[in-house]
Every structure is written in structure tokens, then in C-alpha cells.
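J.: Below: one structure in C-alpha cells.
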Amino acid sequence: MPELFAVAVITVLAVVSPGADFAMVVRNSCLHGRTTGLFSAAGVAAGVLVHVTYTMLGVGLLIAANTALFAAIKLVGAAYLVWIGLRTFFSRAEVTVDLEAGQALSRWGALRTGFLTNVLNPKTTLFVVSTFTQVVGPDTPRWQQGAYGLFMSLAHLVWFGLVALLFSHSRLRAAVLRAQKAVNRAIGATLVGLGIALGVT
759 MPELFAVAVI TVLAVVSPGA DFAMVVRNSC LHGRTTGLFS AAGVAAGVLV
809 HVTYTMLGVG LLIAANTALF AAIKLVGAAY LVWIGLRTFF SRAEVTVDLE
859 AGQALSRWGA LRTGFLTNVL NPKTTLFVVS TFTQVVGPDT PRWQQGAYGL
909 FMSLAHLVWF GLVALLFSHS RLRAAVLRAQ KAVNRAIGAT LVGLGIALGV
959 T
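The sequence shown begins at 759 in the working numbering and counts up by one.
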């Protein structure tokens, strides 16, 4: 249960924290409509599975080869959570979204854009690696690690699907953006607390 709770909290915070995926889904939803936004969200979720796959393989090799090195990387991961939490908490800049009209985006194009945006996003890489190094141990079964990964992907799909639905309506768009600073502070404070707690466990 502690592992599941840690995965759930870190994943939800990582998902709702505005970044490149958020800006891309917002842009596609505003310019090309709800369906395009939803396909973009599906692409993001697929990209998360790539991060999960190579992280599971790498963490497993680390545990098998050198537990001391794994412990060191676990501490670095905890420190990263604290650092990104502080940056998020004190962030004043809002996510900027380029709303310059371009050519129409097909469903396949939206899926591909979402996938590439996430796969090439270092923020997602670090969050997935940090999460797995905090909660995965030598006795964590592979099926359980896979379930964590599927939860991460599903959480991205649900959140960015919701973003696509909200930002395809102009009235809801401004309300969501107005709440961004408060959301950043809540996410930042929680990440700092989690990073410290996990680092000393």
C-alpha cells in the first residue's frame, strides 16, 4: 500500500503540473477541436509507456548488479523531487501556448505529435525514473511494476483527455489558466514533502 500510494501521488502531481504536454494538448484542442485534442492525449499516454519500459529494465538491472548504486540513485531521485517541487512552488511564469493557426492536423498527426512531445520530454523521463527508484525494490514483482506503469499511462490519458475537453470550450479555458498559480504551489509543496519523506525512508 505505501508503494501504491507513493506512485499514485507522484504520478498525479507530475501529470497535472503544466509543461510541454499540457501546452501541446491545449494548442491542438483550441485550434483543431476536441477530437484532435483527445488523440493528442492518447499519444502522450503512449509515450509514457516508452519511459516506463526502459525504466523498468534499467531499475531491474541496477538492483541485480549493485544495490549500493541503486540506493545512491534512489537518493538522487528523492533530491530531484524536492528540487522540482521547489521550482514548481516558486514558479511565476505561466505556460505559454502558441495559438498561431496552422494547417489542419489529422488524427494520426495529433497522435504522433502527442507521442513525440512526451517521449522527447526530459521532465517525463526524470519523473518516471524518480518514481520507480523510490518505490521499486528487490522484492517488487514485475507484474506490480507493470501495473504501476499502466497506472501512469492511464493517469496521463485521463488528465489530458480532460484538458482536451475543457480547452475545446472557450469559456472554461480562462478559468483553468487562472487557477494555475494556486495549483503550482500545491503541487510544489507536496512534491517537496514527498521527496524528503522518501529520501529518509
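Beta carbons: idealized from backbone N, C-alpha and C, even for Gly.
Going by CA-CA distance only, name the one from 886, 865, 773, 797 that's closest to residue 813.
T.: That would be 886, whose Cα lies nearest to the Cα of residue 813.
J.: Less than 7 Å separating the beta-carbons of residue 911 and residue 803?
T.: Yes.
J.: Determine the extent of the alpha helix (DSSP H) in which residue 791 is found, giving its start and end residues.
T.: Residue 791 -> no alpha helix (DSSP H), and no H or E assigned at all.
J.: Beta carbon of residue 791, beta carbon of residue 783: below 7 Å?
T.: In this structure, residue 783 does not lie closer than 7 Å to residue 791 by Cβ.
J.: Going by C-alpha distance, which of 837, 915, 873, 920 is nearest residue 889?
T.: Here the closest residue by C-alpha is 837.
J.: Would DSSP call residue 864 helix, strand or coil?
T.: Residue 864 falls in the coil class under three-state DSSP.
J.: Counting C-beta neighbours from all protein chains within 10 Å, is the total for residue 875 16 or more, i.e. buried, or is it exposed?
T.: With 16 or more other Cβ atoms within 10 Å, it is buried.
J.: State buried or exposed for residue 917, treating a residue as buried only when at least 16 other CB atoms are found within 10 Å of its CB.
T.: Label assigned to residue 917: buried.
J.: Straight-line CA distance for residue 781 to residue 807?
T.: Computed Cα separation, rounded: 20 Å.
J.: Looking only at its chain, what residues have a beta carbon closer than 6 Å to the beta carbon of residue 797, apart from the 5 residues adjacent to it on each side?
T.: Closer than 6 Å at the Cβ level, and outside the excluded window around residue 797, lie 865, 868, 869.
J.: Give a yes or no on whether 7 Å exceeds the smallest Cβ distance from residue 787 to chain B.
T.: Looking for chain B here will not work: only one protein chain is present.
J.: Answer yes or no: do residue 873 and residue 946 have a C-beta to C-beta separation smaller than 7 Å?
T.: No.
J.: Would you check whether the ligand COA has a heavy atom nearer than 6 Å to the C-beta of residue 897?
T.: Absence of the ligand COA is noted for the structure shown, with no ligands found whatsoever.
J.: Quick check on this structure: which residue in 776, 762, 919 has the alpha carbon closest to the alpha carbon of residue 843?
T.: Residue 843 has its Cα closest to that of 776, out of 776, 762, 919.
J.: Let's test the definition: count the other Cβ atoms within 10 Å of the Cβ of residue 786 and tell me whether it reaches 16, buried, or not, exposed.
T.: It counts as buried.
J.: Just verifying my parser: in three-state terms, what is the DSSP assignment at residue 919?
T.: Helix.
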